[in-house]
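Read in order, the letters of the sequence shown are residues 95 to 474 in the working numbering. For reference, the structure discussed in these notes is given below.
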Amino acid sequence: MSKPLNIGMIGYGFMGRAHSNGYRKVNNFFDLPYHPVLKAVCARDEAKAKEFANRWGYESVETDWRKLLERKDIDAVDICVPNNLHKEISIAAAKAGKMVLCEKPLSMDTAEGEEMCQAVEKAGVPNMVWYNYRRVPAVTMAKKLIEEGRLGRIFHYRAVFLQDWTISTDLPQGGTALWRLDAAAAGSGVTGDLLAHCIDTAIWLNGKIDTVSAMTETFIKERTHTATGKKEQVKIDDACAFLARFQNGSLATFESTRYARGHKALYTFEINGEKASIKWDLHDLHRLEYFDHKDEGKLRAWRSIHVTDAGGEHPYMDHWWVPGLQIGYEHSFVHQVADFIDGLGKGVLADPTFRTALETQRVCDAVLKSAASGAWVNVG
Ligand SMILES: NC(=O)c1ccc[n+]([C@@H]2O[C@H](COP(=O)([O-])OP(=O)(O)OC[C@H]3O[C@@H](n4cnc5c(N)ncnc54)[C@H](O)[C@@H]3O)[C@@H](O)[C@H]2O)c1
């Protein structure tokens with residue numbers, strides 16, 4: 095019999111829905127020592143919070159996150175609010191002895207992230223950051239292939255994350271979803287929002303990043319702020335491209351923009367090794383493209399692996415349907431909840447912890463510093 099794990103979730107937007115879905119599904123597909131109980135959702139608008147609670151099955155609502163943290167019946171606090179609130183809530187939750195699950199990016203910058211790491215480590219509370227792409231089976235499979243040495247020495251890492259939703263000059267900054275355009279709420283633009291995902295995956299797959307050289311641009315300089323109704327300067331980066339050197343000697347390019355007309359969420363990465371290459375595309379997320387140089391010459395080609403097999407062949411897939419039937423984006427969150435709970439049972443923290451995610455923060459800071467100065471910057 096699994097034991098209850100009482101969840102208090104803060105924020106009920108995009109990620110609030112993705113996580114709630116994960117909590118609700120996880121025990122249907124995974125045998126785990128705990129089952130999440132949706133105890134409370136917290137949001138400032140009580141009527142909307144109640145509507146959300148009814149839809150997703152939360153037992154109660156709170157309108158002040160501090161009240162949620164005071165509750166004795168909450169074991170784990172899930173932070174699904176804009177980036178500028180991550181630090182304050184995480185530190186307070188750790189002090190209250192709660193487990194802390196925080197959305198990415200961990201923090202607005204490295205200094206904040208370091209404080210957050212110290213708080214959860216001092217309190218000794220389980221903690222995790224939702225870099226969910228690690229748990230798309232094809233991405234997890236890429237990690238396995240690299241660990242098995244199939245690529246050999248890595249020469250190149252190439253990642254892009256392209257969107258096109260902020261091209262209109264009429265789009266305001268601030269408010270639901272649009273907080274991403276407001277530097278005070280987001281910290282940075284595509285660097286912390288989209289490249290943070292690319293960087294987390296890259297460090298996980300290919301190791302530490304040593305140095306970066308970046309450029310950023312803000313194409314639309316002023317936008318009306320939802321809170322004031324006035325035109326205000328846009329201080330986020332709309333686009334960012336950077337070069338990087340990994341500690342293992344490989345070279346990398348990273349690019350992200352919200353101005354790539356025609357692209358809604360194109361996250362791709364490609365890794366070229368001495369023996370083999372792999373590439374992955376979020377739009378075809380259940381496939382891993384693989385090229386193996388040791389294949390017989392006349393048959394040598396890119397193969398497209400449908401990562402849906404059972405029998406332990408493909409990560410996570412034993413838990414789902416039958417071989418050949420694919421799963422989607424939302425399942426990466428189910429897997430992350432499953433790994434977190436599995437770790438709780440075994441007394442180990444599921445990665446990325448706050449401390450692991452801090453490394454991505456360091457790279458983001460170095461990227462923004464390099465873009466401002468025009469110089470190469472050591473990640474440190
Ligand atoms: N892992 C991923 O792939 C992924 C995807 C999207 C967003 N995110 C991250 O998730 C976080 C939330 O993003 P989102 O897309 O869900 O945003 P969203 O705008 O859809 O939702 C944000 C929620 O926070 C609530 N909120 C704001 N201030 C609050 C306060 N003081 N108290 C309580 N609630 C408050 C809003 O009402 C809203 O419900 C961000 O840190 C973002 O970077 C991660």
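Backbone N, C-alpha and C define an ideal beta-carbon position, used for all residues, glycine too. Keep in mind the model is a prediction, meaning the values are calculated, not measured.
Here's the rule: buried if 16 or more other CB atoms are within 10 angstroms of the residue's CB, otherwise exposed. What is residue 418? Within a 10 Å sphere around the beta-carbon of residue 418 sit fewer than 16 other beta-carbons, which makes this residue exposed.
Secondary structure of residue 347, DSSP reduced to three states: Three-state DSSP puts residue 347 in a strand.
Collapsed DSSP secondary structure at residue 112 in the structure displayed: Helix, per DSSP.
Alpha carbons only, please: which of 187, 246, 370 and 425 is nearest the one belonging to residue 379? Answer by Cα proximity: 425.
Measure the Cβ-Cβ separation of residue 409 and residue 234 and say whether it is below 8 angstroms. Contact flag set, yes.
Quick check: does the Cβ of residue 226 come within less than 7 angstroms of any heavy atom belonging to ligand 1? When distances are taken from the beta-carbon of residue 226 to the heavy atoms of ligand 1, the shortest one is below 7 angstroms.
Specify, as a first and last residue, the run of the alpha helix (DSSP H) that residue 160 falls within. Note, residue 160: alpha helix (DSSP H), 159 to 164.
Every unbroken beta strand (DSSP E) inside the segment 287 to 371 [3 residues or more]: Within the segment 287 to 371, the complete beta strand (DSSP E) segments at least 3 residues long are 303 to 311, 316 to 318, 325 to 327, 333 to 340, 345 to 351 and 360 to 367, listed from N- to C-terminus.
For residue 370, count the other beta carbons within 10 Å of its own beta carbon; 16 or more makes it buried, fewer makes it exposed. Which is it? Looking at its Cβ environment, which holds 16 or more other Cβ atoms inside 10 Å, residue 370 is buried.
What residues are listed by DSSP as bridge partners for residue 184? Within the DSSP bridge table, the entry for residue 184 names no partner.
DSSP beta-bridge partners of residue 132: For residue 132, the pairing in a beta bridge is given by DSSP as 101.
Given a threshold of 16 other Cβ atoms within 10 Å of its Cβ, counted over all protein chains shown, does residue 216 qualify as buried or as exposed? Answer is exposed; the Cβ neighbour count stays below 16.
Suppose the cutoff is 6 angstroms on Cβ atoms and the five residues either side in sequence are ignored; what does the same chain contact list for residue 368 look like? Only 246 and 247 meet the Cβ criterion.
Span of the alpha helix (DSSP H), counted from its first residue to its last, around residue 436: Its alpha helix (DSSP H) spans residues 424 to 440.
Any contact of the segment 111 to 129 with the segment 423 to 442, i.e. 3+ C-beta pairs under 8 angstroms? At 8 angstroms Cβ cutoff, the stretches touch.
Where do the ends of the alpha helix (DSSP H) carrying residue 172 lie? Taken as a continuous stretch (DSSP letters only), residue 172 belongs to no alpha helix (DSSP H), being part of the beta strand (DSSP E) at 170 to 173.
Measure how close the beta-carbons of residue 110 and residue 427 come, nearest whole angstrom, since I'm counting them as under 8 angstroms. That belief does not hold up - the Cβ atoms of residue 110 and residue 427 are roughly 11 angstroms apart, past 8 angstroms.
Environment of residue 423 [buried if 16+ CB atoms lie within 10 Å]: Of the residues assessed, residue 423 falls on the exposed side of the cut-off, its CB having fewer than 16 other CB atoms within 10 angstroms.
When every heavy atom of ligand 1 is checked, does at least one fall within less than 7 angstroms of the C-beta of residue 182? Answer for residue 182: no, Cβ out of range of ligand 1.
Under 7 angstroms from any heavy atom of ligand 1, does the C-beta of residue 98 make it? For ligand 1, not one heavy atom lies less than 7 angstroms from the Cβ of residue 98.
Using 8 angstroms as the threshold, is the C-beta distance between residue 302 and residue 327 below it? No, they are not a contact pair.
Apart from the five residues just before and just after residue 460, which ones in its own chain have a Cβ nearer than 6 angstroms to its Cβ? Within the same chain, residue 460 has close Cβ partners 306, 471 and 473.
Would you mind sorting residue 393 into buried or exposed? The rule is 16 or more other CB atoms within 10 Å of its CB. Exposed: under 16 other Cβ atoms inside 10 Å.
Bridge partners - residue 383, DSSP secondary structure assignment: Note: residue 383 sits in a beta bridge opposite 373 and 398.
Check whether the segment 315 to 325 and the segment 381 to 389 touch, using three or more Cβ-Cβ pairs below 8 angstroms as the test. Counting C-beta pairs with one atom in each stretch, the segment 315 to 325 and the segment 381 to 389 have fewer than three that are closer than 8 angstroms, which means they do not touch.
Return yes when at least one heavy atom of ligand 1 lies under 7 angstroms from the C-beta of residue 243, else no. Residue 243 Cβ: outside cutoff for every heavy atom of ligand 1.
How would you call residue 398, buried or exposed, if buried means at least 16 neighbouring beta carbons within 10 angstroms? The residue is exposed, with fewer than 16 neighbouring Cβ atoms inside 10 Å.
Assuming contact is defined by CB atoms lying nearer than 8 angstroms, are residue 224 and residue 195 in contact in what I supplied? In this structure, residue 195 lies closer than 8 angstroms to residue 224 by Cβ.
Who are residue 196's beta bridge partners in DSSP? Partner(s): 173 and 223.
Within a Cβ cutoff of 6 angstroms, which residues of the same chain sit near residue 276, ignoring the five residues on either side of it in sequence? For residue 276, same chain residues with a beta-carbon under 6 angstroms away, outside a window of 5 residues either side, are 267 and 268 in chain order.
Examine ligand 1 and report whether any of its heavy atoms sits within less than 7 angstroms of the Cβ of residue 270. Ligand 1 has a heavy atom closer than 7 angstroms to the beta-carbon of residue 270.
If you draw a straight line from the C-alpha of residue 220 to the C-alpha of residue 421, how long is it? Spanning the two alpha carbons is a distance of roughly 28 angstroms.
If residue 141 and residue 401 are in contact, beta carbons under 8 angstroms, what's the gap, nearest whole angstrom? The C-beta distance from residue 141 to residue 401 rounds to 42 angstroms, too long to meet the 8 angstroms contact threshold.
Return the first residue and the last residue of the alpha helix (DSSP H) that residue 256 is part of. Not the alpha helix (DSSP H): residue 256 falls in the beta strand (DSSP E), residues 248 to 256.
Shortest alpha-carbon distance to residue 184 belongs to which of 168, 207 and 167? Comparing Cα positions, the closest option is 207.
Going by beta-carbon coordinates alone, are residue 145 and residue 174 separated by less than 8 angstroms? The answer is no: Cβ separation not under 8 angstroms.
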